[in-house]
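Below: one structure, written as structure tokens.
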Amino acid sequence: EAKESGRDGCALYSPELDDKASRNLWMQNELRHAISRAELFLVFQPIVDARGELVCAEVLLRWQHPEKGLISPAEFIPVAEGSGLIVEIGQWVLLEVCRVIKRLEAQGCEVPPMAVNISARHFNQQEFAERLIALLKGQQVMPQQLELELTEYALLTNLKLISERMQILRQAGISIAIDDFGTGYSSLSYLQSLPLSRLKLDAAFVSRIGSSDAADAIVRAIIDMAHSLRLAVVAEGVETQLQRDFLDELQCDFFQGYLFSKPIGEAEFAARLGAETFTQPQASA
Ligand code: C2E
Ligand code: MG
Ligand code: MG
Ligand code: MG
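In UniProt numbering, each residue's number is its place in the sequence shown (first place is 1) plus 536.
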């Protein structure tokens, strides 16, 4: 129901917008308590090399709401970003991943580097790097255990500042990847000026492999460009053997997707890493 009219007579509020706005508001309120109510948890998705060996795992956040059930990060992360809660949530993820690494090590696992998604708003906080380095030190986790995934949005503000922050992280031993590569609006020139180690080719490009010559050419161009800048490429959302074979032929370095593994819970991940002791396997999410 339109509550007000705009200048040119257009409704400013539609029922659909109302629903969306109130769901956002509801989610914002519920998210505020999600950490203290222990409703957030992490799942892990293997990233493999050309031989199919696990070399890294992406850490993905899940929200189990007591009434609404499992809520997707694609839905609640943007809400958390809008309200500023993302910083608190992001810090929780970083602390929790440290605890997971320590638990897995205690079970005798050789833990691969863990890639954590960091929102632009979080990364752009003052002292982000110093705070993270202190956290790792306090938790006794080697910086080499951590990789950060940033989208191009994180690079849109002050490139000089961002570059300095990345240098601090890299010097400490933390590597940085650009996530969802190809979907952002930033210029390509930043790629050569930043201390990055990987590009993650967005799943949208991977899913179009084989659909047209143009789609294939784009994938080829991105991989070739990354390699000429000495950046490794991770293909995201690899679901079919055809996609894998095509990417293999282009010398794509790493693969992630349902063809290899869905995101899995900690116990299943531990089992996959060959833990000496593990309890009940958790359900995958
Ligand atoms: P992302 O970082 O690009 O993560 C990859 C997404 O693709 C994940 O969705 C993953 O489950 C999904 N995926 C992996 N393989 C396949 C596949 O073969 N097919 C398809 N269709 N999907 C696949 P998820 O877990 O729902 O996360 C969605 C997005 O939410 C992530 O995209 C990331 O941007 C954000 N996110 C997740 N966890 C966190 C977090 O801890 N912090 C922040 N800031 N963002 C997060
Ligand atoms: Mg990611
Ligand atoms: Mg991605
Ligand atoms: Mg994505």
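By construction, the Cβ of each residue, glycine as well, lies at the ideal position given by its N, Cα and C atoms.
Fair warning: this is a prediction, and the values are worked out from it, not measured in the lab.
Cα-Cα separation between residue i and residue j, rounded to whole angstroms
i, j, result
"Val591", "Pro648", "6 Å"
"residue 499", "Glu683", "Since the displayed the chain opens at 537 and closes at 821, residue 499 lies outside it and no answer follows."
"Gly718", "Ala762", "12 Å"
"Ala690", "Arg734", "15 Å"
"Ala593", "Ala586", "15 Å"
"Gln806", "Val595", "Note that residue 806 is Ala in the sequence shown here, rather than Gln. If I take the Cα positions, the gap works out to 14 Å."
"Glu540", "Leu561", "Confidence in Glu540 is poor, its pLDDT being 43 and thus under 50, which makes the residue's placement too unreliable to answer from."
"Phe796", "Ser723", "32 Å"
"Ala538", "Gly618", "The predicted position of Ala538 is uncertain, since its pLDDT is 39 and thus under 50; a value taken from the coordinates is nonetheless stated next. Each residue's Cα considered, the two are about 25 Å apart."
"Ala803", "Pro679", "23 Å"
"Ile583", "Gln643", "21 Å"
"Val742", "Gly793", "10 Å"
"Glu663", "Ala750", "43 Å"
"Val615", "Asn694", "24 Å"
"Ala665", "Arg706", "10 Å"
"Leu809", "Glu646", "7 Å"
"Asp752", "Gln728", "24 Å"
"Asp716", "Gly588", "22 Å"
"Tyr726", "Val769", "17 Å"
"Leu631", "Arg559", "29 Å"
"Arg657", "Gly620", "8 Å"
"Leu672", "Ile571", "20 Å"
"Ile669", "Arg701", "12 Å"
"Leu730", "His569", "37 Å"
"Asn565", "Ser764", "47 Å"
"Lys556", "Met563", "10 Å"
Endpoints, beta strand (DSSP E) assigned at residue i
i, result
"Cys788", "Cys788 -> no beta strand (DSSP E), and no H or E assigned at all."
"Lys604", "Premise fails: Lys604 is in no beta strand (DSSP E) and is neither H nor E."
"Leu686", "Leu682 to Leu686"
"Ser711", "Ser711 to Phe717"
"Ile583", "Leu576 to Asp585"
Residue i, enclosing alpha helix (DSSP H) - first and last residue
i, result
"Pro614", "Pro609 to Ser619"
"Arg808", "Glu802 to Arg808"
"Ala708", "Leu695 to Ala708"
"Phe741", "Ala739 to Ser743"
"Ser729", "Tyr726 to Ser729"
Contact with chain B by residue i, beta-carbon distance below 9 Å
i, result
"Leu730", "Structure shown: chain B not included; a single protein chain is present."
Check your understanding: Taking one C-beta from the region 637 to 645 and one from the region 607 to 617 each time, how about it: are there three or more such pairs within less than 8 Å?
Key -> The region 637 to 645 is not in contact with the region 607 to 617.
Point to revise | Segments of 4+ residues assigned as alpha helix (DSSP H) that fall wholly inside the region 754 to 788 | key: The region 754 to 788 contains these whole alpha helix (DSSP H) runs: 777 to 785.
Review point. Is there contact between the region 569 to 579 and the region 619 to 634, where contact requires at least three CB pairs shorter than 8 Å?
Key: Segments in contact, yes.
Point to revise | Completely contained beta strand (DSSP E) runs for the region 621 to 677, where each covers 3 or more residues | key: Fully enclosed beta strand (DSSP E) runs of no fewer than 3 residues occupy 650 to 653 of the region 621 to 677, in order along the chain.
Check your understanding: In chain order, what residues place their C-beta within less than 5 Å of a heavy atom belonging to ligand 2?
Key -> The set, ordered by position in the chain, is Asn653, Glu685 and Asp715.
Practice item. Could you tell me whether the region 699 to 712 touches the region 745 to 762, using the rule of 3 or more Cβ pairs below 8 Å? Key: Touching, no.
**Study point:** Validate contact between the region 750 to 769 and the region 782 to 792 using beta carbons, cut 8 Å, 3 pairs
**Key:** With the cut-off at 8 Å, the region 750 to 769 and the region 782 to 792 touch.
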